[in-house]
Structures are given as C-alpha cells and as structure tokens.
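Q: Residue numbers (my numbering): 24 to 503.
Glycine is no exception: its CB is placed at the ideal position from the N, C-alpha and C atoms.
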C-alpha cells in the first residue's frame, strides 16, 4: 500500500485574516479541501477576488479544492446599537420593528410580523448570550420584554425565537441575487440556511432549475423543525450540514451531541455527504493550542464518520488560520491512523434500501459489493471511473477502510469530490477501452506512489465505458 492521505475533509471559511494569496496557498498545503464563502458578509467584488485567488492557487499547486457558497437565508438580526449598551437582568425593554439606534431602553428587531409572536416567547440574541421574554404585544410595531439574561448588546447580532412559527421564506430575495452570482462563478456546492421543511429544498431546486443550474445543494440543519423531517430533507438534498451554532440555540443544547450522531448516521445510510460545523477550534481564534474538549469533539466527529469538518471564525477572523488547519489535520490524522478507526466506522453499519436512497439499483448493488469485498479480501484501494461523481459518493458512504481514487473527465466533478470522505480525484479523459483505462489508472497511481506492486484493487465503471451511465461493472486486478 502506498502513501496515505486524510479521509475526513477540512472546510475553511475565508475572511479578512485569510483572503490573501499567501495564506490561501499555505492553507491548501496544510490540508484544506474546501473553501467556504459566507454570503452574509462582503460584496461581489471581494468574492470575485477571493474566487480567482483560490482557483489560480489550486491550479498552480495541483491541489483540487471545492468552493462552497453559504447563503445568508432568512437570518433575523437586531438593528444598530449604541456602543457600550449593557442590558441588566430583570429590567424591561421596548422592542420595535422601526429603525432606531438602540440602547438599554429599547432597540430594533428586524421582523415585521409582530402579530406572530406571543406573550412568554423567548427572544435569544447573539447565539443565546442574551435572553429576553416577551411580556406584552403592545401593537403591531412594539413589544414589551423582560431581560432574563443580560449582557453587552452589539449591533447587527442575530436573534432566534424558538417557540414562534415565523412566516419567512427559506430563499430570500437577497439569496436569489446571490444564487445568480454563485451560478455565474461556477461554485461547487450551495448551502441553504435555516431549513424548516423538505419543501424548502424543493423550492430552491425549482429556482435553480429555472436558471438551468444543477449545483449540489447542502441542507443546513439548524432549526428544530428540520429534525422532524430529517429523512425527507436529507433525501432531497445532495448533502447535509449540522450547523451547531443556531441549532444549539433553538433546542436544548444538551440534546445536540445525540442529534449530531443521528444526523451523521442517517446521512451515511442515505448516501449523502455530511458536514459538522461550528466552534470546532474556537479557542484558536486567539490561542495557539486548542482546548482538550475541542480535540475530543473533533476526534468524536471523525469517529462518527463525518465527511468533513467546517471551520468558521477560526479561519476567517482568527489570528493564525494556517495553524488552525495544521492542528485540525493533525487531530484527524491521529484518529484515522489508529487501528480501531476502521472497525468503529464499519461496525454494525447498514445502508438504507436503494428505494430510500433514490439511486440507480444497479449502481447501489455494485457499490455494495465493492464495499463487501474490501472487508473480506486484502484490497488496497477502490478505483472508480465516474462522469458525475454519484457512484463515488455512493461507495464513500460505506466508509471502506481503503482509499477511493476517482478518475473523471470533468474538472467540476474533481472539485466537487474534494468534499467527499476518503476520495482523491484525478483528471482522465481517455476512454477508448476498459482494459486500456484500467492499465492507465493503475500505472498513474503506481507512478505517484499511491499503489505498490502486488496491491489488489477494485475497479468500478459503467459498460460500455463511453456511455457515461451509472456504474454496473466491478473488476479486481493486481498491480504489476
């Protein structure tokens, strides 16, 4: 068996401390697989600059990477606040939906339908750091609230009202404009925020189709309502993100670990990539070493079989984004190199039926057989020929204890697969015959020290090879 690479992927959010060429280059070399651009911040001019740097650097280094666009969604925020405003416990405050400069007496809540709120509803500000309780709906523009947990109130902070059923669209007008930019700049993944039902995915898909786009959708799970339709949401999306920040505010925070494990397991069963996000290395925004709890948190997510770990403020605002990536890579590597790692991933794991996965049944069977053979015989790698990447994602979801090498003629697929667990992708467009293709891919992997003489490998492909259909063929060969 040849050289190894990390199977769990690293997603880094780009921001003011990391959007220069030198830092992006070093982050790629340190192990970044996907760059996330947050459309809650910055303008299109800055995004274009960042995209160009990422693509040029990735090409120069010959390190494939994907770009993930994270839509703002219906994020609710408070208005401008006077500097130094502190809300005191048990004080009363006036909330309005009119634009004012807020202070300890009152502030703006940017939501027009106050008639949907009720006495007793809690208003959680800044990820729950501040908690208010609605005491009285005065009129359609004003609310009286009591400060349950006070603190420093800052401008433009997000707020949540967990008990209320707010009538807000999942895809806002801002999102629609951002989506046009995202499509025009050929992003690889699109994350939809604050999903409440499977219908939100359907509406986004319809809008994308109206723009002739097939960009892959990641459903962000950050509302309790989404947990009630988890199977449908995962089935209709192309991937799922466990956005622990808002989810941990909207539901009892002590329920979060179990839900994280449930979502990872269900996503794997439905053959969809899954991302764990938020506060993975938060202490390293300022510090040079992580906390013990953060190291354990990352290790547990890796052991659960997540496809990727997403860093947010750590790499967008932190003092040393490169060190953050290096630290993340070391933790992942330490876990994956443990002999118990593969046993934990494959123990008692069963895929959902092909009907539930909504995939081609022949592809499902071929991928399943490949995974079974790896567990039974001394296989060193799986080599897959793919046109869309779907078969590779299917195979990856089994979390086989060997690397998956994908060969494709589509550069977009190479970038897309950068997010997928255990996969390394390469460009290949010679499709004259199956035998020639197998020989070419084996020679390439041996020359680049991924395979050694005597290694057993599994090949998956569609026959005929130039039909570009679902995989239907499996072959075993030995590296000469």
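In this structure, how does DSSP classify residue 202 when only helix, strand and coil are distinguished?
A: Reduced to three states, the DSSP call for residue 202 is helix.
Q: Just how far apart, CA to CA, sit residue 16 and residue 344?
A: Limits of the chain in this structure are 24 at one end and 503 at the other, which puts residue 16 out of reach.
Q: Note down the Cα distance separating residue 225 from residue 215, rounded to an integer number of angstroms.
A: Near 11 Å, if we compare the C-alpha coordinates of residue 215 and residue 225.
Q: Would you kindly check if the distance between the Cβ of residue 97 and the Cβ of residue 217 is under 8 Å?
A: Going by C-beta atoms, residue 217 is nearer than 8 Å to residue 97.
Q: Drop a sphere of 10 angstroms on the beta-carbon of residue 83, count the other beta-carbons inside from all chains shown, and report buried for 16 or more, exposed for fewer.
A: Result: exposed.
Q: On a Cα-Cα basis, can you pick out the residue from 290, 446, 458 and 438 that is closest to residue 58?
A: Comparing Cα-Cα distances from residue 58 to each of 290, 446, 458 and 438, the minimum goes to 438.
Q: With residue 61 as the anchor, note down where its alpha helix (DSSP H) starts and where it stops.
A: Here residue 61 belongs to no alpha helix (DSSP H); instead the beta strand (DSSP E) covers 57-61.
Q: Could you name the residues of the same chain whose beta carbon sits closer than 8 Å to that of residue 418, not counting the 5 residues immediately before and after it, in chain order?
A: Cβ neighbours of residue 418 beyond the five flanking positions: 390, 393, 394, 405, 407, 427 and 483.
Q: Whose CA, out of 109, 465, 501 and 459, lies closest to the CA of residue 16?
A: The chain is shown only over 24 to 503; residue 16 falls outside these bounds and no answer can be derived.
Q: Could you tell me the alpha carbon to alpha carbon distance between residue 161 and residue 52, rounded to whole angstroms?
A: The alpha-carbon atoms of residue 161 and residue 52 are separated by roughly 57 Å.
Q: Could you tell me the alpha carbon to alpha carbon distance between residue 222 and residue 401, rounded to whole angstroms?
A: Using only the alpha carbons, I get a separation of about 45 Å.
Q: What would DSSP say about residue 504, mapped onto helix, strand or coil?
A: Examination of residue 504 is not possible in this model, given that the chain is present from 24 through 503 alone.
Q: Just curious, the alpha helix (DSSP H) that residue 272 is in, first and last residue?
A: Taken as a continuous stretch (DSSP letters only), the alpha helix (DSSP H) holding residue 272 covers 267-273.
Q: Do residue 368 and residue 422 have their C-beta atoms closer together than 8 Å?
A: In contact: residue 368 and residue 422 (Cβ atoms closer than 8 Å).
Q: Whole angstroms are fine: how far does the CA of residue 212 sit from the CA of residue 239?
A: Taking the straight line joining both Cα atoms gives about 5 Å.
Q: What residues in its chain sit with their C-beta under 8 Å from that of residue 481, if we drop five residues either side in the sequence?
A: Cβ within range, chain order: 393, 396, 397, 402, 404, 405, 406, 497, 498 and 499.
Q: For residue 49, which three-state DSSP category applies?
A: DSSP places residue 49 in helix when its eight states are reduced to three.
Q: Run the CB neighbour count on residue 219, radius 10 Å, all protein chains shown included, and call it buried at 16 or more, exposed below.
A: Buried.
Q: By the three-class DSSP mapping on this structure, what secondary structure does residue 361 have?
A: Of the three classes helix, strand and coil, the one that applies to residue 361 here is coil, per DSSP.
Q: For my contact list, residue 139 and residue 193 are in at a C-beta cut-off of 8 Å; report their separation, rounded to the angstrom.
A: Going by Cβ atoms, the distance from residue 139 to residue 193 rounds to 16 Å, so no, they are not a contact pair.
Q: Pick helix, strand or coil for residue 254, following the three-state DSSP scheme.
A: Here residue 254 sits in helix by DSSP.
Q: How would you write the range of the beta strand (DSSP E) that residue 92 sits in, first residue to last?
A: Run containing residue 92: 89-93, per the beta strand (DSSP E) assignment.
Q: Could you tell me whether the Cβ atoms of residue 111 and residue 151 are closer together than 8 Å?
A: Not a contact, by the Cβ cut-off of 8 Å.
Q: Less than 6 Å between C-beta atoms, sequence neighbours within five positions excluded: which residues of the same chain meet that for residue 338?
A: Closer than 6 Å at Cβ, skipping near neighbours: 35, 36, 41, 344 and 347.
Q: From residue 91 to residue 441, what distance separates their C-alpha atoms?
A: Each residue's alpha carbon lies about 11 Å from the other.
Q: Return helix, strand or coil for residue 300, following the three-state DSSP convention.
A: Reduced to three states, the DSSP call for residue 300 is strand.
Q: For my contact list, residue 184 and residue 168 are in at a C-beta cut-off of 8 Å; report their separation, rounded to the angstrom.
A: 11 Å between Cβ atoms; not a contact.
Q: Identify the continuous beta strand (DSSP E) that holds residue 103 and give its terminal residues.
A: Segment: none, residue 103 is in no beta strand (DSSP E) and carries neither H nor E.
Q: Straight-line CA distance for residue 465 to residue 187?
A: Cα to Cα, the separation comes out at about 58 Å.
Q: Assign residue 263 to one of three DSSP states: helix, strand, or coil.
A: If DSSP states are grouped into helix, strand and coil, residue 263 belongs with the strands.
Q: Can you check DSSP and say which residues form a bridge with residue 498?
A: The partner list for residue 498 (beta bridge, DSSP) reads 482.
Q: If you draw a straight line from the alpha carbon of residue 166 to that of residue 199, how long is it in whole angstroms?
A: Roughly 31 Å separates the two Cα atoms.
Q: For residue 106, tell me which candidate among 27, 280, 175 and 432 has the shortest Cα-Cα distance.
A: Out of 27, 280, 175 and 432, 175 has the C-alpha closest to the C-alpha of residue 106.
Q: For residue 125 and residue 201, I'd like the C-alpha separation in whole angstroms.
A: Roughly 30 Å between the two C-alpha positions.
Q: Have a look at the DSSP bridge pairing and note the partners of residue 145.
A: Per DSSP, 156.
Q: To the nearest angstrom, how far is the alpha carbon of residue 30 from that of residue 64?
A: If you take the alpha carbons of residue 30 and residue 64, they lie about 30 Å apart.
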